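Chemist: Counted from 1, the sequence shown has number 157 at position 167 by my numbering; the numbering is strictly sequential.
Quick reminder that beta carbons are idealized off the backbone N, C-alpha and C, glycines included.
Values in this document were obtained by computation on a predicted structure and should not be read as measured data.
Just passing along the structure, written as structure tokens.
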Amino acid sequence: MERFWYLFLILIYLIFKMIFDFKKFKASKLKAKSHKLCRGMTYVELIVVLGIFSVIASIVLFNYGGFQAKVDIKNLASEFALKIVEAQKASLSGKLPPLAQQSQINSTWKPSYGVYIDRVADNKSFIYFTDLNSPTQNGIYNASSCPGVGECLEKITITKNNSISSLDVFYQGDVTPHSLNDLTVIFSRPNSSAVIKSTQINITLIISYIQITVLSPKSPIAKIKLYPSGRVQVN
């Protein structure tokens, strides 16, 4: 970031210098013949400045592309985190599902909302859902059309060719990441903690945290860490 602004300031300086030198060149045309040498130097300076300007502009534009990719991937990671937090808040506040889904809940329904990811089937989207009574409130996502009358409330599509590159679980006392193909994170009232499920999770081990890694085609990555307590961290 600092390098980008440093190069940008250099570019601004060179633009002003080019304007000044060009004015100097125009003024030299009014001078006596004895100053022809000066006019020739102005031509050279103008060519040099234009050359430097082109190089610096290319560098700045190249760095801007990388900088924008970093911004985009951070925004994507933040979107993941915000959806997880939204699910937590919706469940704790006792929010009812939309009218289309309310026919599938009864008096025993506990407000439950979550996020579902299937990296193998589709690594460019994730699902925001509510856990309904029909067929049963089982703490997992029952696939349905989205949006519709099923559990899916929103399908968030990942744009700009970014993707979910990996899902990993870290167990207590083990720093080794264990890869997951799918992930369900759900919150159910009155608990603020997250219920974390996957077909690859070893239920005999204690989960330290889950890590979701998102990747840009220009290589920048961002990581979202989710802890069983419900805390979300973006790196």
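#1: Give, in chain order, every unbroken run of the beta strand (DSSP E) that is at least 3 residues long and sits entirely within the stretch 110 to 150.
#2: In or out: K196 buried (at least 16 other Cβ within 10 Å) or exposed?
#3: Below 9 angstroms between beta carbons: does that hold for L143 and I200?
#4: Quick one: is G104 near chain D, going by C-beta distance under 9 angstroms?
#5: Per DSSP, what kind of secondary structure is I214 in: helix, strand or coil?
#6: Restricting to runs no shorter than 3 residues, where is the beta strand (DSSP E) found entirely within the stretch 72 to 115?
#7: Buried or exposed: where does C28 fall if 16 or more other Cβ atoms within 10 Å of its Cβ makes it buried?
#8: By the 10 Å Cβ neighbour count, where 16 or more other Cβ atoms means buried, how is S209 classified, buried or exposed?
#9: Just list the residues that DSSP pairs V224 with in beta bridges.
#10: Look up F160 in the DSSP assignment and give the residues it is bridged to.
#11: With a cut-off of 8 angstroms, do at least 3 Cβ pairs link the stretch 83 to 99 to the stretch 58 to 74?
#12: Can you check DSSP and say which residues form a bridge with L40?
#13: Can you give the Cα-Cα distance for I148 and N65, rounded to whole angstroms?
Modeler: This is what the structure gives:
#1: 115 to 120, 142 to 147
#2: The residue you asked about is not Lys; residue 196 is Ile in the sequence shown. So I196 counts as exposed.
#3: no
#4: Among the chains in the structure shown there is no chain D, since it carries only a single protein chain.
#5: strand
#6: 102 to 108
#7: Confidence at C28 is low in this model, with a pLDDT of 48, below 50, so the placement of that residue should be treated as unreliable; the coordinate-derived value is given next. Classification of C28: exposed, given that the 10 Å Cβ count is below 16.
#8: exposed
#9: I214
#10: Y199
#11: no
#12: Answer is none; L40 lacks a bridge partner.
#13: 11 angstroms
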